[in-house]
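Last residue of the sequence shown: 1503 (this note's numbering), numbering continuous. C-beta atoms are modelled at their ideal positions from N, C-alpha and C, and glycine is treated no differently. One structure is given below, encoded as structure tokens.
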Amino acid sequence: MRLHRKLSRLILVPGWLWGAVTCAQAAPAGQLVIAQGTDAVTMDPHNTTQMTAMQPFNFLFNKLINRDDKMQLVPELAESWKPLDDLTWEVRLRQGVKFHNGETFDANAVKSTLDRVKVAGATHVSGGFTTIDEVTVVDPYTVRIVTKKSDPLLPSRLAQWGAQILPPAYFKEAGEEGIALKAIGTGPYRFGQWRKDDMLVLEANPDYWGKPPEFERVIFRPIPDEFARVSALIADEVDIVVNIPVDFTKQVDGSNSTYVAETLASATDVFIMGHDKPLQSKEVRLALNRHRPSETHRYAVPGFSPTDRPGCCTH
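In structure tokens:
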């Protein structure tokens, strides 16, 4: 969950991260300060699955495909995609997009990125892309992706974490170590400075291809202590706080200047049952699921959201 200080200006942050109060605003103004529990460990989006890195990366990078607020697939750097046969997908790319360093986004950037992440074990995210066999540049703004076997979920893979597109010339020049220290993408904000365990500063990208950024800069501050994060919010030192225990929600939501915001998430809860009798019987497991009291589970697995919400472990 996220805790927000109520703001008079618009907060529209890219991706699935935040929800907030809105009003019209013509140009970037001021700054947005976001407090997290830890700092990012790297600026390389392909070599971490750390949540505190994922959040700023949604400001810095784009993927070919993304998901809207209803979790439906929508175009991002891709304009369209379609299967040509059981193994081949064709993706048409958005034109006129520049990386933060001035490189042109094109089919070569897509091929370079997918060639990197599709190799098993090459990056932290490669496990999600190993069905890709070959990426071919058809023309500057068209690529064809051939899979090792029929993969109807390929568009979803191109929308998942790890599919952020990197600039090939910068990657070749900076190498693995360089891109781990300075992020360059096509997103609405560009890398400003990173003082490890102090702050990560992102600056508005004036050449962004999509909706103009709402703030001149976005600052991520690591504040490990949960109480200190909430105190910083109430003291007006930060605008958004993430990953707060449910114990704090009433305190924050009851304030005149702060509130708790909820968002959709694509998380999955897995409950592992033993294989001994009687749980090895499918009928027994179904019976347990049908007759478990949701309200009891609400207290066993405490949370802020309604227990009947789809996707909730008590639904």
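Beta-bridge analysis with DSSP links ILE1333 to TRP1277, VAL1323. By the neighbour-count criterion, in which a residue is buried when 16 or more other Cβ atoms sit within 10 angstroms of its Cβ, ASN1250 is buried. Under the DSSP definition of a beta bridge, ARG1383 partners with MET1387. Taking all protein chains in view, the Cβ of GLY1316 is crowded by 16 or more other Cβ atoms within 10 Å, so the residue is classified as buried. Counting along the chain, THR1301 sits inside the alpha helix (DSSP H) bounded by residues 1295 to 1305. Put simply, the region 1407 to 1419 does not touch the region 1273 to 1283. Fewer than three CB pairs are less than 8 Å apart. Apart from sequence neighbours up to five positions away, the residues of its chain that approach ALA1295 with a beta-carbon distance below 8 Å are LEU1281, VAL1325, VAL1326, ASP1327, PRO1328, TYR1329, THR1330, VAL1331, ordered along the chain. Residue pairing of GLN1224 in beta bridges, as defined by DSSP: PRO1410.
Contact between ILE1320 and THR1335 holds, since their C-beta atoms are separated by about 6 Å, short of 8 Å.
Among the bridge pairs identified by DSSP, LEU1342 is matched with none.
The continuous beta strand (DSSP E) containing THR1446 extends over residues 1446 to 1449.
With respect to the C-alpha of VAL1307, the residue from GLY1350, TYR1447, MET1231, LEU1272 having the closest C-alpha is GLY1350.
In this structure PRO1355 is in contact with PHE1287, their Cβ atoms being roughly 4 Å apart against a cut-off of 8 Å. Within the DSSP secondary-structure output, LEU1261 pairs in a beta bridge with ARG1255.
Under the three-state reduction of DSSP output, THR1437 falls in the helix class. In this structure, the straight-line span from the alpha carbon of PHE1359 to that of PRO1343 is close to 24 Å.
Collapsing the DSSP output to three states places VAL1430 in a strand. Contact check for PRO1244 against LEU1421 fails: the beta carbons are separated by 9 Å or more. Annotation for TYR1396: PRO1376 place their beta carbon closer than 6 Å to its own, counting only its chain and skipping 5 residues before and after. Residue environment: GLU1291 is assigned as buried (16 or more neighbouring CB atoms within 10 Å of its CB, all protein chains considered). Excluding residues up to 5 positions away in sequence, VAL1389, LEU1390, GLU1391, ARG1405 lie with their Cβ nearer than 7 Å to the Cβ of GLY1380 in the same chain.
In the same chain as VAL1323, and ignoring 5 residues on each side of it, the C-beta atoms closer than 8 Å to its own belong to VAL1298, LYS1299, LEU1302, ASP1303, LYS1306, VAL1331, ARG1332, ILE1333, VAL1334, in chain order. The alpha-carbon separation between GLY1218 and GLU1365 amounts to approximately 32 Å. Look at GLU1267 here: in three-state DSSP terms it is strand. With 16 or more other Cβ atoms inside 10 Å of its own Cβ, LEU1265 counts as buried. Taking the CA atoms as reference points, GLY1398 sits about 17 Å from ILE1372. If the five residues before and after PRO1412 are omitted, its C-beta is found closer than 7 Å to the C-beta atoms of GLY1225, THR1226, all from its own chain and listed in chain order.
For GLY1366, the uninterrupted alpha helix (DSSP H) segment begins and ends at 1356 to 1369. In the structure shown, the three-state DSSP call for GLN1243 is helix.
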